[in-house]
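Basically this note's numbering = 1-based index in the sequence shown + 167.
We put the beta carbon where it would ideally sit given N, CA and C, even for glycine.
This one's a predicted model, so the numbers in the text were calculated from it and none came from an experiment.
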Amino acid sequence: MDESKAGKTRRVKLDYPFEEQPQRGQTIDVAPGVKWISMDLPFAGLRWINLWLIEEDDGYALVDTGMNLKQTKQEWEALFEGPLKGKRLTRILITHMHPDHVGLAGWLCERFGIDMWMSRLEYVSCRMLVGDTGRAAPEDTVDFFRKAGWDDEVLDLLRKRYGSFGKGVYNLPSRFVRMSDGDVIRIGKQDWRVITGSGHSPEHSCLYNDELKLLISGDQLLPRISSNVSVHPTEPEADPLSDWLESCEKLIRETDPDVLTLPAHNKVFYGAHKRLQALIDGHERSLDRLEAHLEEPRRALDCFVSLFGRQVGAEDMYSATGEALAHLNWLRFKGRATRELRDGVYLYSRSS
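This is the structure:
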C-alpha cells in the first residue's frame, strides 16, 4: 500500500536534483557512466519504473528490465534505435523477482547473448511463482485468505486470478550468475557493492558505489511510497516486517548519509538516511495504532482502517491483507498480540 492510502510515514524533506524523469526512448546522465531510463507500467498507483545503465568498455550493464509487455518492448526498441544505437547490453543485474523488475530479463538476455545476475533466493522464488502460471489455486492458499476474513466473492476472484505472476515475465533465463551480500562487482571502471535486504522480497539486492556515492535501491528504498511488506500463503508464520525494519537499519549503517539514491520508482533523490528513519518510525507508529485497535478481537480485514486510513476494495485486497498480517504477526511474535481460530477465521487481540 502506498503512503497516500496508509498515511503512516512522516514526510521528510528530500532533495530531488532532477526536475524531470526521462521521456520514453530517452536517457538522463545521473553520474559519470550512469544513465537513467524509465518504462511505463500498467498500474494506477505506479505509472513507471526506473532502470539504470552502467557504462562498460563494450556497452552497458543494465539494472532491472521493465515488465513483459508489448509497450515495454516498444520502448526498448526506441532506445535501441535512439540513444543506444550501435551499443549493446553486456549483462543484466536484477534487484529482485517482481515482474516489473525481471519481466524482460529473458528477452534481453536472448537478444544479446548475455547473463542475468541475481541473488539466489530471488531467482528460485521467481522460478517457483512463474511455475504456478495457469495452475488452480491450492486449497491451502484459499484457506489462508479465508482465515483472514475473506468472503466467498473475493475468494472466487482469487481463484480466477491465481497464477497470473508469470504473465508479466518473459521466459526466465534457465541459468543465472549469483549475487550475494557483500559482493563487490566491477562494472566498467567502478566497483559496486551488493547490499541485500528482505521483507519486500526474499533477498533484494541494492548496488552501492562508495566512490560516486550512489545507491541503486530498487524497491528497498523509495522516496514517496512505502514498499509493500506482506505475509504470503507459502509462509503464513513469516515475520517480514522484522526483516524489513532490519534491512532499513542496515542501509543506514552501510551507506553514506550524502548518497544519491537511484530508486525503482519516483525520482532520484538525496536524503536516504532521513527517509529510511521515517519509514522505520512510520511502521512503529502503525504497530502502536494497530495494537490499540486490538482492544477487541479483530480479523485481519478489520485492521485496514487502522493501518491504511480507509477500507480496501477487491482490487487491493491481496496486498492489503498481506501487509495487515505482516503487522499482526510482528505484534504476535513480540508478545503484544494473541491469535485464536474461531469459526474458521483468525481473531487477533491485544495481549493482556
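Across the set K334, P369, I354, D406, the C-alpha of I354 shows the shortest separation from the C-alpha of Y227.
For H450, the secondary structure class from DSSP, reduced to helix, strand or coil, is helix. Out of L229, F247, L246, the CA that lies nearest to the CA of L260 is found in L229.
Residue environment: L508 is assigned as exposed (fewer than 16 neighbouring CB atoms within 10 Å of its CB, all protein chains considered). Out of E462, E402, D231, G316, the CA that lies nearest to the CA of T488 is found in G316. Following the DSSP letters along the chain, one finds T239 in no beta strand (DSSP E) but inside the alpha helix (DSSP H) bounded by residues 237 to 248.
Rounded to the nearest angstrom, the Cβ distance from I195 to L220 is 10 angstroms, too far for a contact under 8 angstroms.
When the five nearest sequence neighbours on each side are left out, the beta carbons in the same chain lying within less than 8 angstroms of the beta carbon of L325 are those of A304, T308, V309, F312, W317, Y485, in order along the chain. For the pair of segments examined, the segment 238 to 255 was found not to touch the segment 464 to 472: the number of CB pairs separated by less than 8 angstroms stays below three. Residue pairing from DSSP places Q357 in a beta bridge opposite I354.
Contact check for V344 against V269 fails: the beta carbons are separated by 9 angstroms or more. Of the residues K314, L498, S397, C293, the one whose Cα lies closest to the Cα of L457 is L498.
Nearest to L381 by C-alpha distance, out of N235, A445, Y437, E370, is Y437. Secondary structure at M206: strand, using DSSP grouped into helix, strand and coil.
DSSP places D196 in the strand class (E or B) of the three-state scheme. When C-beta atoms of the segment 422 to 436 are compared with those of the segment 397 to 413, fewer than three pairs fall below 8 angstroms, so the two segments do not count as touching. DSSP lists S205 as the beta-bridge partner residues of N217.
Taking a contact as a CB-CB distance under 8 angstroms, the pair T262 and C373 counts as one, their CB atoms being some 7 angstroms apart. Around the C-beta of T300, fewer than 16 other C-beta atoms lie within 10 Å, and the residue is accordingly described as exposed. Here the C-alpha atom of L427 lies approximately 11 angstroms from the C-alpha atom of F185. DSSP, reduced to helix, strand and coil, places G480 outside both helices and strands of the structure shown, so it counts as coil. Close CB contacts of N376 within its chain, under the 6 angstroms cut and outside five residues either way in sequence, are with Q357, W359 (chain order). The C-beta separation of L246 from T232 comes to about 12 angstroms, leaving the pair out of contact by the 8 angstroms criterion. Under the three-state reduction of DSSP output, D425 falls in the coil class, being neither helix nor strand. For the beta strand (DSSP E) assignment, the uninterrupted runs of no fewer than 3 residues enclosed by the segment 390 to 443 are, from N- to C-terminal side, 427 to 430. Separation of L388 and I352 (C-alpha to C-alpha, rounded to the nearest whole angstrom) is 21 angstroms. Ranked by Cα distance from G333, the options H265, H460, H371 are led by H265. Taking 9 angstroms as the cut-off, the Cβ atoms of E370 and E289 count as close. Closest in alpha carbon position to S341, among R328, H399, C276, K314, is C276. Residues of the same chain with a CB within less than 7 angstroms of the CB of P189, apart from the 5 flanking positions on each side, are I195, W203, I204, S205 in chain order. Partner residues in the beta bridge of I383, as assigned by DSSP, are L374, L429. With distances taken between CA atoms, S286 lies nearest to I362 out of I362, E421, D319, L514.
For I447, same chain residues with a beta-carbon under 8 angstroms away, outside a window of 5 residues either side, are L412, C415, E416 in chain order. Shown here for R214: same chain residues with a beta carbon closer than 8 angstroms to its own, the five before and five after excluded, namely D207, L208 in chain order. Boundaries of the beta strand (DSSP E) harbouring G226: 226 to 230, taken from the DSSP string. Taking 9 angstroms as the cut-off, the beta carbon of Y329 is found no closer than this to the beta carbon of R294.
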